[in-house]
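There are 2 protein chains.
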Amino acid sequence: MLIFIGLGLNDEKDITQRGIEAAKKSEEIFVELYTSPMPNINIQRLEDTIGKKIRVLSREDLEEKSKTLLELARRCVVAILTPGDPMVATTHLALRLQAEQMGIKTRVIHGPSIVSAAPSFAGLHVYRFGPPTTIPHPSPSYRPTSFYNTITQNQARGLHTLLLLDVNHEKKCYMTIPQAIEQLLEIDKEKILENRILVGIARVGSNKPELR
Amino acid sequence: MLIFIGLGLNDEKDITQRGIEAAKKSEEIFVELYTSPMPNINIQRLEDTIGKKIRVLSREDLEEKSKTLLELARRCVVAILTPGDPMVATTHLALRLQAEQMGIKTRVIHGPSIVSAAPSFAGLHVYRFGPPTTIPHPSPSYRPTSFYNTITQNQARGLHTLLLLDVNHEKKCYMTIPQAIEQLLEIDKEKILENRILVGIARVGSNKPELR
Numbered sequence: 431m432l433i434f435i436g437l438g439l440n441d442e443k444d445i446t447q448r449g450i451e452a453a454k455k456s457e458e459i460f461v462e463l464y465t466s467p468m469p470n471i472n473i474q475r476l477e478d479t480i481g482k483k484i485r486v487l488s489r490e491d492l493e494e495k496s497k498t499l500l501e502l503a504r505r506c507v508v509a510i511l512t513p514g515d516p517m518v519a520t521t522h523l524a525l526r527l528q529a530e531q532m533g534i535k536t537r538v539i540h541g542p543s544i545v546s547a548a549p550s551f552a553g554l555h556v557y558r559f560g561p562p563t564t565i566p567h568p569s570p571s572y573r574p575t576s577f578y579n580t581i582t583q584n585q586a587r588g589l590h591t592l593l594l595l596d597v598n599h600e601k602k603c604y605m606t607i608p609q610a611i612e613q614l615l616e617i618d619k620e621k622i623l624e625n626r627i628l629v630g631i632a633r634v635g636s637n638k639p640e641l642r
Numbered sequence: 431m432l433i434f435i436g437l438g439l440n441d442e443k444d445i446t447q448r449g450i451e452a453a454k455k456s457e458e459i460f461v462e463l464y465t466s467p468m469p470n471i472n473i474q475r476l477e478d479t480i481g482k483k484i485r486v487l488s489r490e491d492l493e494e495k496s497k498t499l500l501e502l503a504r505r506c507v508v509a510i511l512t513p514g515d516p517m518v519a520t521t522h523l524a525l526r527l528q529a530e531q532m533g534i535k536t537r538v539i540h541g542p543s544i545v546s547a548a549p550s551f552a553g554l555h556v557y558r559f560g561p562p563t564t565i566p567h568p569s570p571s572y573r574p575t576s577f578y579n580t581i582t583q584n585q586a587r588g589l590h591t592l593l594l595l596d597v598n599h600e601k602k603c604y605m606t607i608p609q610a611i612e613q614l615l616e617i618d619k620e621k622i623l624e625n626r627i628l629v630g631i632a633r634v635g636s637n638k639p640e641l642r
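Given below as structure tokens:
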């Protein structure tokens, strides 16, 4: 059996009671921290709470080498702890599909996700949000504009847009809010962002969240 | 101080460790269960975990009589436990605004929300979702169609729609999936729902979630 357990937003305290309970009953426990950064997480404290050793998975372990993980899940109860809500990340969705196709039972234990926490923390209504999108790190050969299209389309319908900022955990490269604004202004040839309010949110779920 | 703590999706086990910790440190603890049903919640067990008495708030307590609650929050640390993520419900957002305007500090402890859990549980990508909407209970004098407009607009952009089903906790009136489908088909004069896939989800976050 393969159980995906959401770690939530900020640190090891954002996992639910249900998540702790399921982890305690699992035979092998892994954690994945590259799909979203949880800079304040303390694995040691999480191990103390669960009472078991937790092994950290790399992107490779979860993607190219997923077979090893799935074979283990065929024989025993394997838990994978993941940031936010487990199924929001494409990687985990793909792994769950693979498992189900192999006849391995799966279970999902939800956690607080940035997709619902950020809009609600900002005091905005969720039914006024169009699809969220990510601002990727630009490179000389890759300057995507799809996030801008999402904003313009949402704006045309009078909807807010949740912009997630790119994370490249392997390169320790986390986009900052000023970098994101710079990219937004550069791409805004049609000036649709002029006189619009941009809300910057950081560290949601921590004891000191920021909103500007 | 006024702390809003999310209870999550299903029962008293869906609160985060952070939520439990904050509730333990609060002087007065309330729970609100009318914005979303949590049929499996056991208040007694939650009181045992937190080690304090929890008082149940009615809609009236939170809306018309909110002054009493706010006066209490001015003098001591008050926690309000709420289903899902606390700030998704308009009522709590309004209360938080009132508190801030009165100079009372507020804090939000996020919980798993249906807004992110349902799409991810269904295996669908969150960036393919337009705004969510609610199918209300119809009455002879009130047959709203706004949910249908949201669906058509989302569909025109190739986006999924999360349809929440109406809850009238005071009348113990919870819309079922067949009732929702009936309303959808009745309103679908343009036949845009013909040959579309509808995914029905129930009891997300419980040990036995349903997906059809």
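Residue numbers (this note's numbering), protein chains in the order written: chain G, 431 to 642; chain P, 431 to 642. Ideal placement from N, C-alpha and C gives every residue a C-beta, glycine not left out.
Integer Cβ distance of residue i from residue j, believed to fall under 8 Å
| i | j | result |
| --- | --- | --- |
| G/M431 | G/R537 | 7 Å |
| G/P639 | P/G436 | About 14 Å separates the two Cβ atoms, so there is no contact after all. |
| P/L593 | P/M605 | In fact, because the Cβ distance is near 10 Å, the residues do not count as touching under 8 Å. |
| P/S406 | P/Q528 | Shown here, chain P extends from 431 to 642; a query on residue 406 of chain P therefore has no answer. |
| G/M532 | G/L523 | Not really, about 15 Å apart at Cβ, beyond 8 Å. |
| G/A547 | G/L439 | 6 Å |
| G/I611 | G/L589 | G/I611 to G/L589, Cβ: 20 Å. No contact. |
| P/T591 | P/T563 | 7 Å |
| G/I622 | G/Q583 | Contact doesn't hold; Cβ gap of about 11 Å is too wide. |
| P/I501 | P/R475 | According to the sequence as given, residue 501 of chain P is Glu; it is not Ile. That belief does not hold up - the Cβ atoms of P/E501 and P/R475 are roughly 30 Å apart, past 8 Å. |
| P/I631 | P/F577 | So it is not a contact: roughly 17 Å between Cβ atoms. |
| G/I534 | G/I433 | With a Cβ gap of about 11 Å, G/I534 and G/I433 do not count as contacting. |
| G/T446 | P/T446 | 5 Å |
| P/R633 | G/D444 | Their Cβ separation, rounded to whole angstroms, is 23 Å, which puts P/R633 and G/D444 out of contact at 8 Å. |
| G/T521 | G/E493 | 6 Å |
| P/P561 | P/T580 | 6 Å |
Chain C contact residues for residue i, given Cβ-Cβ distances below 8 Å
| i | result |
| --- | --- |
| G/R505 | Annotation note: the requested chain C is absent from the structure, which comprises protein chains G and P. |
Identified DSSP bridge partners for residue i
| i | result |
| --- | --- |
| P/C603 | P/N598 |
| P/R485 | P/F460 |
| P/V556 | DSSP, once it has assigned bridges, lists no residue as partnering P/V556. |
| G/H590 | G/F559 |
| P/Y572 | P/S569 |
| G/E392 | As shown, chain G starts at 431 and ends at 642. That puts residue 392 of chain G outside it, with no answer to give. |
| P/T446 | G/T446 |
| P/F434 | P/I510 and P/V538 |
| G/T564 | G/L594 |
- Message: For the stretch 573-585 of chain P against the stretch 604-620 of chain P, do three or more pairs of beta-carbon atoms, one drawn from each stretch, fall closer than 8 Å, so that the two count as touching?
- Response: Counting Cβ pairs under 8 Å, three or more are found: they touch.
- Task: Mind checking the stretch 604-620 of chain P against chain G and listing, in chain order, the residues whose C-beta falls within less than 8 Å of any C-beta there?
- Result: Cβ contacts with chain G come from no residue of the stretch 604-620 of chain P.
- Query: Is the stretch 546-566 of chain P close to the stretch 442-455 of chain P, with three or more CB pairs under 8 Å?
  - Reply: The stretch 546-566 of chain P vs the stretch 442-455 of chain P: no contact.
- Could you tell me whether the stretch 481-493 of chain G touches the stretch 459-468 of chain G, using the rule of 3 or more Cβ pairs below 8 Å? With the cut-off at 8 Å, the stretch 481-493 of chain G and the stretch 459-468 of chain G touch.
- Decide if the stretch 463-474 of chain P is in contact with the stretch 486-496 of chain P; the criterion is three or more beta carbon pairs, one per stretch, under 8 Å apart. Touching, per the Cβ criterion.
- Message: Counting only Cβ-Cβ distances shorter than 7 Å, please list the residues of the stretch 563-575 of chain G near chain P, keeping chain order.
- Response: The stretch 563-575 of chain G vs chain P, Cβ under 7 Å: T563.
- In chain order, what residues of the stretch 622-640 of chain P put their CB closer than 9 Å to some CB of chain G? Legend: CB atoms of the stretch 622-640 of chain P lying less than 9 Å from CB atoms of chain G belong to residues V634, G635, N637 and P639.
- Residues within the stretch 572-598 of chain G neighbouring chain P, beta-carbon criterion of under 7 Å: Taken in chain order, the members of the stretch 572-598 of chain G whose beta-carbon sits within less than 7 Å of a beta-carbon on chain P are Q583, R587 and L589.
- Message: If we require 4 or more residues per run, which alpha helix (DSSP H) segments fall completely within the stretch 463-541 of chain P?
- Response: Positions of the alpha helix (DSSP H) runs, each at least 4 residues long and wholly inside the stretch 463-541 of chain P, are given as 473-480, 489-492, 496-505 and 520-531 in order along the chain.
- Near-chain G residues of the stretch 439-456 of chain P - C-beta to any C-beta below 9 Å: Residues L439, N440, D441, E442, K443, D444, I445, T446, Q447, R448, G449, I450 and E451.
- Flag this pair as touching only if the stretch 464-479 of chain P and the stretch 509-520 of chain P have three or more C-beta atom pairs under 8 Å; answer yes or no. Result yes; three or more Cβ-Cβ pairs closer than 8 Å.
- Message: Which residues of the stretch 529-544 of chain G have a Cβ closer than 7 Å to any Cβ of chain P? Give them in chain order.
- Response: Among the residues of the stretch 529-544 of chain G, those with a Cβ less than 7 Å away from any Cβ of chain P are V538, H540, G541, P542 and S543, in the order of the chain.
- Which residues, in chain order, does the stretch 515-526 of chain G contribute to contact with chain P at a C-beta distance below 8 Å? Cβ contacts with chain P: D515, P516, M517, V518, T520, L523 and R526.
- Query: Name the residues in the stretch 469-482 of chain P whose C-beta lies less than 8 Å from a C-beta of chain G; which are they?
  - Reply: Cβ contacts with chain G come from T479.
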